[in-house]
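Enquirer:
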Ligand SMILES: CC(C)(COP(=O)(O)OP(=O)(O)OC[C@H]1O[C@@H](n2cnc3c(N)ncnc32)[C@H](O)[C@@H]1OP(=O)(O)O)[C@@H](O)C(=O)NCCC(=O)NCCS
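Residue numbers (this note's numbering): 66 to 178.
(1) Buried or exposed: residue 131, going by 16 or more other Cβ atoms within 10 Å of its Cβ?
(2) Alpha carbon to alpha carbon, how far is residue 74 from residue 150? Give it in angstroms, no decimals.
(3) I'd like to confirm something about residue 116: is its beta-carbon nearer than 8 angstroms to some heavy atom of ligand 1, or not?
(4) Do residue 177 and residue 94 have their CB atoms nearer than 9 angstroms?
(5) Any heavy atom of ligand 1 inside 8 angstroms of the beta-carbon of residue 133?
(6) For residue 158, which residues in the same chain have their Cβ closer than 6 angstroms to its Cβ, ignoring the five residues on either side in sequence?
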């Protein structure tokens with residue numbers, strides 16, 4: 066796992082067999098973090114890398130002073146919604162027809178303790 070830093074944003078690269086196969090990006094502001102992106106290459110999915118990346122993000126956000134993390138995800142994105150649900154996130158809002166395809170965005174929040 067490798068961390069990249071740039072004024073408030075942090076990025077993590079996930080590796081499998083020495084190749085970059087996943088990415089997570091967060092933005093920090095005061096005591097809040099926002100997960101901007103989390104993705105794993107299609108061929109490598111459902112092997113645990115997404116959860117590893119997410120756990121790295123949660124740990125780093127907490128260590129950097131965040132007490133809460135937010136994210137948005139498409140309502141139809143079952144894999145991501147399940148991942149966040151099993152990682153302790155709770156749904157706190159909805160942005161109707163937020164995405165270009167008309168899908169709603171769900172807003173999730175998790176306390177970092
Ligand atoms: C969401 C994503 C990052 C998950 O990565 P992953 O490496 O496949 O995830 P993991 O293997 O660590 O799985 C973690 C959990 O996610 C859920 N999950 C993953 N794939 C799933 C699927 N196809 N269907 C249902 N749940 C799924 C499960 O709860 C799983 O836990 P379990 O293995 O104990 O059942 C990946 O599907 C992805 O890159 N999707 C495209 C980009 C994207 O949608 N990012 C999220 C935007 S907010």
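Ideal Cβ placement from N, Cα and C applies to all residues, glycine included.
Expert: From the atom records:
(1) Residue 131 comes out buried.
(2) Looking at the two C-alpha atoms, the distance is approximately 24 angstroms.
(3) Yes.
(4) No, these two residues do not count as a Cβ contact at 9 angstroms.
(5) No, the beta carbon of residue 133 sits no closer than 8 angstroms to any heavy atom of ligand 1.
(6) Around residue 158: 172.
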